[in-house]
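A.B. asks: Input: one structure, supplied below.
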Amino acid sequence: MASTHVWNPEDNAGATVPVSSRRLSQLGAAVAFVLATAIGIALMSPDGTRRLSHAWLLSGWYAVSISLGALFFIAIQHLVRAGWSVSVRRLAEFLGASIGWPLLLLAPLVLLLLAGHSDLFPWNDPETVQGDKILEGKSAWLNAPFFLVRAVLYAGIWVTCGRWYLRASRRQDETGDASTTLMLESRSAVALLLLGITITFAAFDWLMSLDPHWFSTIFGIYAFSGAMVAGLSVLAIVVAVIVRRQLHPAINCEHLHDVVKLLFGMNCFWAYIAFSQYLLIWYANIPEETVWLRHRQMHGWDSISQALVIGHFVVPFLVLMPRAAKRSTRLVIVMSGLLLVMHWLDLYWVVYPQFAESPVFGLTELLTAAGFAGVLAVGVLLQLRRSAFIPIQDPRLPESVAHHVH
Amino acid sequence: MSSVTAPPPSPAPTAQADPTSRGLVASFSSVDAVLKAVRLVRELGIRRVDVHSPHPIHGLDDALGLKGSPLPWGAIAGASLGFGGGVWMAWWMNAIDYPFLISGKPLFSIIPSLPVAFELAILLAAFAVVGGTLLFGGLPRLSNPRFRVPAFSRATNDRYLLAVDADDEQFQTGRLQPLLRQAGAESVDHIPVENPTEARVPRAIWMATAILLVLALIPPVLIAKARSSTSTRPRLSFVSDMDHQPKFKAQSTSRLFADGRSMRPQVSGTVARGDLRADDRYYLGREPVSSDALAKAPSAARLQPSALLTRVSDVDSGSPSDQAPPSQAAANIDWVTEFPLAVDESLIRRGQQRYGIFCATCHGQGGEGDGLVTLRALELEQGTWVRPTSLHAEPIRNQPVGQLFNSISNGVRRMPGYASQIPVRDRWAIVAYVRALQRTRIASSSDVPEDILPNLREIN
Numbered sequence: 011m012a013s014t015h016v017w018n019p020e021d022n023a024g025a026t027v028p029v030s031s032r033r034l035s036q037l038g039a040a041v042a043f044v045l046a047t048a049i050g051i052a053l054m055s056p057d058g059t060r061r062l063s064h065a066w067l068l069s070g071w072y073a074v075s076i077s078l079g080a081l082f083f084i085a086i087q088h089l090v091r092a093g094w095s096v097s098v099r100r101l102a103e104f105l106g107a108s109i110g111w112p113l114l115l116l117a118p119l120v121l122l123l124l125a126g127h128s129d130l131f132p133w134n135d136p137e138t139v140q141g142d143k144i145l146e147g148k149s150a151w152l153n154a155p156f157f158l159v160r161a162v163l164y165a166g167i168w169v170t171c172g173r174w175y176l177r178a179s180r181r182q183d184e185t186g187d188a189s190t191t192l193m194l195e196s197r198s199a200v201a202l203l204l205l206g207i208t209i210t211f212a213a214f215d216w217l218m219s220l221d222p223h224w225f226s227t228i229f230g231i232y233a234f235s236g237a238m239v240a241g242l243s244v245l246a247i248v249v250a251v252i253v254r255r256q257l258h259p260a261i262n263c264e265h266l267h268d269v270v271k272l273l274f275g276m277n278c279f280w281a282y283i284a285f286s287q288y289l290l291i292w293y294a295n296i297p298e299e300t301v302w303l304r305h306r307q308m309h310g311w312d313s314i315s316q317a318l319v320i321g322h323f324v325v326p327f328l329v330l331m332p333r334a335a336k337r338s339t340r341l342v343i344v345m346s347g348l349l350l351v352m353h354w355l356d357l358y359w360v361v362y363p364q365f366a367e368s369p370v371f372g373l374t375e376l377l378t379a380a381g382f383a384g385v386l387a388v389g390v391l392l393q394l395r396r397s398a399f400i401p402i403q404d405p406r407l408p409e410s411v412a413h414h415v416h
Numbered sequence: 011m012s013s014v015t016a017p018p019p020s021p022a023p024t025a026q027a028d029p030t031s032r033g034l035v036a037s038f039s040s041v042d043a044v045l046k047a048v049r050l051v052r053e054l055g056i057r058r059v060d061v062h063s064p065h066p067i068h069g070l071d072d073a074l075g076l077k078g079s080p081l082p083w084g085a086i087a088g089a090s091l092g093f094g095g096g097v098w099m100a101w102w103m104n105a106i107d108y109p110f111l112i113s114g115k116p117l118f119s120i121i122p123s124l125p126v127a128f129e130l131a132i133l134l135a136a137f138a139v140v141g142g143t144l145l146f147g148g149l150p151r152l153s154n155p156r157f158r159v160p161a162f163s164r165a166t167n168d169r170y171l172l173a174v175d176a177d178d179e180q181f182q183t184g185r186l187q188p189l190l191r192q193a194g195a196e197s198v199d200h201i202p203v204e205n206p207t208e209a210r211v212p213r214a215i216w217m218a219t220a221i222l223l224v225l226a227l228i229p230p231v232l233i234a235k236a237r238s239s240t241s242t243r244p245r246l247s248f249v250s251d252m253d254h255q256p257k258f259k260a261q262s263t264s265r266l267f268a269d270g271r272s273m274r275p276q277v278s279g280t281v282a283r284g285d286l287r288a289d290d291r292y293y294l295g296r297e298p299v300s301s302d303a304l305a306k307a308p309s310a311a312r313l314q315p316s317a318l319l320t321r322v323s324d325v326d327s328g329s330p331s332d333q334a335p336p337s338q339a340a341a342n343i344d345w346v347t348e349f350p351l352a353v354d355e356s357l358i359r360r361g362q363q364r365y366g367i368f369c370a371t372c373h374g375q376g377g378e379g380d381g382l383v384t385l386r387a388l389e390l391e392q393g394t395w396v397r398p399t400s401l402h403a404e405p406i407r408n409q410p411v412g413q414l415f416n417s418i419s420n421g422v423r424r425m426p427g428y429a430s431q432i433p434v435r436d437r438w439a440i441v442a443y444v445r446a447l448q449r450t451r452i453a454s455s456s457d458v459p460e461d462i463l464p465n466l467r468e469i470n
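Structure (structure tokens):
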């Protein structure tokens, strides 16, 4: 139930969460160990590097998409001048500002590309491209140097965006200047536009070009919807834990309810987009499009496809529909956890069939996923100990604290 | 209407209802005051309380003790009905009522049904919610006595009004009025008893409805007149590109194609879906033709191999003469001697029924070649009529089943082919029945089951 706390700025609301440096370095060391183990396993097993590069890309995009989802959330909240979300916005800002870490870890993949490796992207192999009219036609876009330029551009925009939001918000903590909010609101339109364009082309570059012959114009929105689900799932889990333990008077069940409403809506949006992509390809039934889905309907990938339909959409849709479910911290944690697993499975379903005949899962996938999630966690914790996790001087904070879902 | 600025002298608080009052409306100037008043009133055990406010008030639902609305259940029922109905509609229309094959897709698949199911789910959920809102809200309601209270006009502006219904068991004017005043009410007014004439639907609305109904009758009347009368004027074409479509009709000429035909012949080497008839024994009544045999076949058949596969009669009727005996070619064909399908009683019964419909008119019920049409033709002494051979004649009896099947399919002498009227399985059923019919003439009493034998003797 909603706590009846009356929030008072004089409370210790602006305190930072103490995260000990020792714990942080322990976590950092654990992450480094996990990723190093994954690399070690790959180097020792035959064809392990090929598998590792796919697992690395999958986990990297997974972590990046969580941050991107958070960035979209922040930009949308500013753009619509939302009052309710102010008290949970800082949590999303932490996530968004940490996007640089997983991006940094993805950099080796681009370097390998420049070195001429084509394990991941077949279009980087001149012999494959030679004589293939489609790939020759696409080579003006799909070539290693231009890929690098674009990757740097996307990463630059995302990192700048994430750091900018957090820095401006923190500055307001000290100045209490309401004009900061107005500035963020007006520039969020530009930010949202940039984010929307970059995630679209990044998804084309990093995920769709794994099969350079295949194309789907809806793929960018597909990646966006998945990122929103991932970002909001993490946010929902964090908010649910705060509400459950009553960690902060400014965050209560009403905020959880609205975050989960957004999550519910975005998950429906994901299903809508995923189905739209499938329906159009199914209907048109042209070989150059169906080949991608066909492989994902055989050799065991069919089970993954069905698991996505049920686990990513049907179950969360039915379970999270009632109002009471969206306000139950326990159910929200379970369902958001499921959605995070399903988002990983969704990306697995996109990336892995490109090199694996049938689904494979082992230490390589587990360790890289854990490693990248850990990297993101370290990034968030580093930010968490530097400032309050509530934008204490935001002019709309009182509105957010008094928020009540009708 | 009795505006109470000074409370009327009320005797001892009694539960007696004031016959001129339907309840009380108290006006408050702040949210806190009205929330406090609601709690006070509810503490008295009064349940029929309502608040009219210009904006939503946090915590009011809890204060009023409102339970969750049943509307979501209506919404999910509507959505489920729409979703199921959409899938059912897509299935029934395209797979059952009017099976229509579209570019090789399955007649029914869940995938293309989802958009229509989704839209219908939304539509019916919306209907359920709107309908439920009207139903639970007691709408449409044209008049409410609370509107007669002057203070009520500010309920949409800057005042919060608390209304207590006199129907409540705990309602006591004498106790409530001072309480509401203490709680900070600016005014407490009686809700006047509804004047029945005021509650009535105004005459103007009745009139307007009646006029609209009459006007609505005009189009159907005009349509009925147009349908039952003639006109010299050409038909109105509202959607001319639907009426006059730039398309080729069957049997028409085309300037688009070099051969001038609008109906396109089948692409050579292709077989239409469902038309592959690879089993010669079943579809042609003959043993499969090897490629060697095809090479030896008459040149006409070689030029058009499909002729050999589908129209054996073209090959065997070397001369079109009516009286010509079955040609040498037909005799050489390797007809099947065994039925290429399971023969059981139900098949023979089916054959009997089909024989009665298609064959008996000429061949006669007994197969003697004495059907009604034959008898009539002979009576008219029609020279062109050829009397059907008796099915019991030795040569016919000795024909393999495949040849009988071929005769039904493609005709023999003057008999036309029945392939277009009788499905393949039914033709075999007729052959089976004809075989049974032939047995009746050459059978001995030992062929008859013992338990039926006495009956037969009785009939004889």
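Protein sequences appear in the order of chains A and B.
End of the first sequence sits at 416 in my numbering; the numbers just go up one at a time, nothing left out.
End of the second sequence sits at 470 in my numbering; the numbers just go up one at a time, nothing left out.
Backbone N, C-alpha and C fix where the C-beta goes; we use that ideal spot for every residue, glycine too.
#1: Do you know offhand how far residue 460 of chain B's Cα is from residue 428 of chain B's?
#2: Please give me, in chain order, every unbroken run of the beta strand (DSSP E) with length at least 3 that falls completely inside the stretch 194-257 of chain B.
#3: Any Cβ of chain B within less than 8 Å of the Cβ of residue 285 of chain A?
#4: Around the Cβ of residue 108 of chain B, are there at least 16 other Cβ atoms within 10 angstroms (buried) or fewer (exposed)?
#5: Pick helix, strand or coil for residue 277 of chain B, following the three-state DSSP scheme.
#6: Does residue 292 of chain A have its Cβ less than 8 Å from a Cβ in chain B?
#7: Considering only C-alpha positions, which residue in the set A:322, A:302 and A:78 is nearest to residue 491 of chain A?
#8: Is the Cβ-Cβ distance between residue 27 of chain A and residue 395 of chain A less than 8 Å?
#9: Run down chain B in chain order and give the residues with a C-beta less than 8 Å from the C-beta of residue 289 of chain A.
#10: What number of angstroms, rounded off, separates the C-alpha of residue 415 of chain B from the C-alpha of residue 230 of chain B?
#11: Tell me where the beta strand (DSSP E) around residue 362 of chain A begins and ends.
#12: With contact counted as at least three CB pairs below 8 Å, one residue from each stretch, are the stretch 71-85 of chain B and the stretch 215-224 of chain B in contact?
#13: Could you pull the start and end residues of the alpha helix (DSSP H) that residue 457 of chain B belongs to?
#14: Is the number of C-beta pairs between the stretch 381-392 of chain B and the stretch 403-422 of chain B that are closer than 8 Å three or more?
#15: According to DSSP, is residue 426 of chain B part of a helix, a strand, or is it coil?
#16: Taking buried to mean at least 16 other C-beta atoms within 10 Å of its own C-beta, is residue 110 of chain B buried or exposed?
#17: Give me the subset of the stretch 62-74 of chain B whose CB atoms are less than 9 Å from a CB atom of chain E, sorted by chain position.
#18: Going along chain B in order, which residues have a C-beta closer than 9 Å to the C-beta of residue 6 of chain A?
#19: Against residue 414 of chain A, what residues of chain B qualify as contacts under a CB-to-CB distance less than 9 Å, listed in chain order?
#20: Using the rule of at least 16 other Cβ atoms within 10 Å of the residue's Cβ for burial, across every protein chain shown, is residue 269 of chain B buried or exposed?
#21: Would you kindly check if the distance between the Cβ of residue 34 of chain A and the Cβ of residue 391 of chain A is under 8 Å?
#22: Can you give me the Cβ contacts of residue 84 of chain B inside the same chain, cut-off strictly under 7 Å, excluding the 5 residues immediately before and after it?
#23: In chain order, what residues of the same chain have a beta carbon less than 6 Å from the beta carbon of residue 134 of chain B, not counting five sequence neighbours either side?
#24: Evaluate contact between the stretch 87-107 of chain A and the stretch 192-202 of chain A, counting only Cβ atoms and requiring at least three cross-stretch pairs below 8 Å.
#25: For residue 25 of chain A, which residues in the same chain have their Cβ closer than 7 Å to its Cβ, ignoring the five residues on either side in sequence?
#26: From this set, A:339, A:304 and A:223, which residue's C-alpha is nearest residue 143 of chain A's C-alpha?
#27: Go ahead and pull the three-state DSSP assignment for residue 402 of chain B.
#28: Whose C-beta lies closer than 7 Å to the C-beta of residue 300 of chain A among residues of the same chain, with five residues either side of it excluded?
#29: Determine, using beta carbons only, whether residue 240 of chain A and residue 350 of chain A come nearer to each other than 8 Å.
#30: Beta-carbon within less than 8 Å of residue 61 of chain B's beta-carbon, same chain only, minus the 5 sequence neighbours each way: which residues are those?
#31: Whose C-alpha, out of A:269, A:321, A:359 and A:234, is nearest the C-alpha of residue 338 of chain A?
#32: Mapping the DSSP letters down to three states, classify residue 186 of chain A as helix, strand or coil.
#33: Among the candidates B:117, B:153, B:380 and B:30, whose CA atom is the shortest distance from the CA of residue 200 of chain B?
#34: So, is residue 367 of chain A buried or exposed, given that buried needs 16 or more other C-beta atoms within 10 angstroms?
#35: Among residues of its own chain, excluding the 5 on either side of residue 98 of chain A, which ones have a beta-carbon nearer than 7 Å to its beta-carbon?
#36: Identify every residue that forms a DSSP beta bridge with residue 225 of chain A.
C.D. replies: Answer, in terms of the structure:
#1: 38 Å
#2: Listed in chain order, they are 197-202.
#3: yes
#4: exposed
#5: Correct three-state label for residue 277 of chain B: coil.
#6: yes
#7: The structure shown does not extend to residue 491 of chain A, since chain A spans only 11 to 416, so no value can be given for it.
#8: yes
#9: 121, 122, 124 and 125
#10: Distance between the alpha carbons of residue 415 of chain B and residue 230 of chain B: 57 Å.
#11: No beta strand (DSSP E) contains residue 362 of chain A, which DSSP labels as neither H nor E.
#12: Counting Cβ pairs under 8 Å, fewer than three are found: no touch.
#13: From DSSP, residue 457 of chain B is part of no alpha helix (DSSP H); its letter is neither H nor E.
#14: The stretch 381-392 of chain B is not in contact with the stretch 403-422 of chain B.
#15: strand
#16: exposed
#17: Of the protein chains in this structure, namely A and B, none is chain E.
#18: This structure does not reach residue 6 of chain A, given that chain A is present from 11 up to 416, and the question cannot be answered.
#19: 66, 68 and 69
#20: exposed
#21: At a Cβ-Cβ threshold of 8 Å, residue 391 of chain A and residue 34 of chain A count as neighbours.
#22: 138, 139 and 142
#23: 88, 91 and 92
#24: Flag = yes, the stretch 87-107 of chain A and the stretch 192-202 of chain A touch.
#25: 398
#26: A:223
#27: coil
#28: 291
#29: Yes; because the gap between Cβ atoms is below 8 Å, this pair is in contact.
#30: 44, 48, 67, 70, 74, 170, 171, 172 and 173
#31: A:269
#32: coil
#33: B:30
#34: Exposed is the call here.
#35: 245, 249, 261, 265 and 269
#36: Beta-bridge pairing links residue 225 of chain A to no other residue.
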